[in-house]
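Taking it in order: structure first as structure tokens, then the write-up.
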Amino acid sequence: MIIIIDGLAMKKKEDFYQNIKEELDVPEYFGNNLDALYDFLTEQPDILQMKFLHYNMMQSQLGRSFCQQLLKVLQDADILTIIDEH
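Numbered per the working numbering, the sequence shown spans residues 1368 to 1453.
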């Protein structure tokens, strides 16, 4: 399974989490934080890749620190991460 995150649509962190909820079909009780994302990803063996489009834009909108933490969560959860700037 490939999840695509388009950085052009990420104006704030709430946008990111809303996109994640839609793409991953997470339960209603999913918390909007990276710990909840990690927990969900490690419980789902079929999620193999997350592809970021316009990652630099996402980084400028959501903050470099948040994006670095996000990439660390994906790495820890063993999710293949692809960054595509086109």
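Beta carbons are placed, not taken as given, at the ideal position from N, Cα and C, and that holds for glycine.
Which word fits residue i, buried or exposed, when buried means at least 16 other C-beta atoms lie within 10 angstroms of its C-beta?
i: I1387; result: buried
i: L1437; result: buried
i: Y1396; result: exposed
i: M1368; result: exposed
i: L1447; result: exposed
i: G1374; result: buried
Using the three-state DSSP reduction, which class does residue i fall into: helix, strand or coil?
i: F1419; result: strand
i: D1382; result: helix
i: I1387; result: helix
i: D1373; result: strand
i: Y1405; result: helix
i: Q1411; result: coil
i: L1424; result: According to the sequence shown, residue 1424 is Met rather than Leu. M1424 falls in the helix class under three-state DSSP.
Got a sec, what are the start and stop residues for the alpha helix (DSSP H) residue i sits in?
i: D1451; result: Premise fails: D1451 lies in the beta strand (DSSP E), 1447-1451, not in any alpha helix (DSSP H).
i: D1443; result: 1431-1443
Handout entry: Contact between the region 1420-1428 and the region 1384-1402 (3+ Cβ pairs under 8 Å)
Key = no
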